[in-house]
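In the working numbering, the protein residues as written are 74 to 259.
Below: the structure, in structure tokens.
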């Protein structure tokens, strides 16, 4: 599973409905809106959590993951990740493997998971339909984000699907043509 968000019940229902077992949780980054269900899911399914090493302290720290910064939001904390992503490369095995790209900017440890055969990238909060990730939370950097998008995202084939953390699917080609935040990068 990539980025379970805070929807533990929905994830468990989907897994049960399809007779699946959760084997791992891969996080694109450790902001609160992506990690809320991490602890209960890992406990129920006894599965490891993968996270970039630059955010290793974020799961346990509500200030770093952002949940401690907003009034009215429950503070979220989880145990540290069992597996730290230290470099780009292949993650997974057998029929379920992808390339991991370090895609900082939205957060320092943001990663994207690129499934070449399926022609899809899970971008977390780096690139959206007609938008890009915010950079006003701890560790965010606009210049780094735009450089990441230019070097990592816009170099993918135009028909690559972008599955992001908030919103509908898009493609690299559509974003090159119409994303107002990327016009100066083309």
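We treat Cβ as the ideally placed atom computed from N, Cα and C, and that holds for glycine.
* Report yes or no: do the region 158 to 177 and the region 131 to 141 share at least 3 C-beta pairs separated by less than 8 Å? => no
* Cα-Cα, which of 95, 180, 121 is closest to residue 105? -> Reading the chain shown from its first residue, position 32 is the one you call residue 105. Of 95, 180, 121, the residue nearest in Cα terms is 180.
* To do: Could you please give the first and the last residue of the uninterrupted alpha helix (DSSP H) stretch that includes residue 166?
  => Translated into positions along the chain shown, residue 166 becomes position 93. Segment 162 to 166 is the beta strand (DSSP E) holding residue 166; no alpha helix (DSSP H) there.
* Buried or exposed (CB count within 10 angstroms, at least 16 for buried), residue 250 -> Along the chain shown, read from residue 1 onward, the residue named residue 250 stands at position 177. Residue 250 is exposed by the Cβ-count criterion.
* Own chain, CB closer than 7 Å to residue 234, minus 5 neighbours either side, in chain order -> Sequence index remark: in the chain shown, residue 234 carries index 161 (1-based). Answer for residue 234: 192, 193, 242, 244, listed in chain order.
* **Residues that DSSP places opposite residue 201 in a beta bridge** => Here residue 201 is taken as the residue at index 128 of the chain shown, counted from 1. According to DSSP, which records beta bridges pairwise, residue 201 is partnered with 204.
* Evaluate the contact criterion for the region 115 to 130 versus the region 82 to 100: three or more CB pairs, one atom per stretch, below 8 Å. => yes
* To do: Find the nearest neighbour of residue 129 within the set 113, 107, 189, 156, judged by alpha-carbon distance.
  => Against the chain shown, residue 129 aligns to sequence position 56. It is 156 whose Cα lies nearest to the Cα of residue 129.
* **Member of 237, 108, 85 whose CA lies at the smallest distance from the CA of residue 150** => Residue 150 sits at position 77 when you count from the first residue of the chain shown. Closest by alpha carbon: 108.
* To do: Please classify residue 138: does DSSP put it in a helix, a strand, or coil?
  => Here residue 138 corresponds to residue number 65 of the chain shown, with the count starting at 1. In this structure, residue 138 counts as helix in the three-state DSSP scheme.
* To do: Report the rounded CA-to-CA distance for residue 227 versus residue 246, giving the unit in angstroms.
  => Walking along the chain shown from the start, residue 227 turns up at place 154. Walking along the chain shown from the start, residue 246 turns up at place 173. For residue 227 and residue 246, the distance between alpha carbons rounds to 8 Å.
* Asked: What is the residue span of the beta strand (DSSP E) that residue 157 lies within?
  -> As a first step, residue 157 must be located in the chain shown, where it is residue number 84. Here the beta strand (DSSP E) through residue 157 covers 156 to 158.
* Mapping DSSP to helix, strand and coil, what is residue 133? -> On the chain shown, position 60 is the one that residue 133 refers to. Coil.
* Determine the closest residue to residue 115 out of 195, 78, 140, with distance taken between C-alpha atoms. => Within the chain shown, the letter at position 42 stands for residue 115. Taking only the C-alpha atoms, the option nearest residue 115 is 78.
* **Three-way DSSP call (helix, strand, coil) for residue 81 in this model** => The count along the chain shown starts at 1 and reaches residue 81 at position 8. Reduced to three states, the DSSP call for residue 81 is helix.
* To do: Measure the alpha-carbon distance for residue 160 versus residue 219 and round it to whole angstroms.
  => Here residue 160 refers to the residue found at position 87 of the chain shown. Here residue 219 refers to the residue found at position 146 of the chain shown. The straight-line gap from Cα to Cα measures roughly 20 Å.
* Could you check how far apart the C-beta atoms of residue 152 and residue 112 are, in whole angstroms? I think they sit under 8 Å. => Indexing the chain shown from 1 puts residue 152 at position 79. Indexing the chain shown from 1 puts residue 112 at position 39. Yes, residue 152 and residue 112 are in contact; Cβ-Cβ is about 7 Å, under 8 Å.
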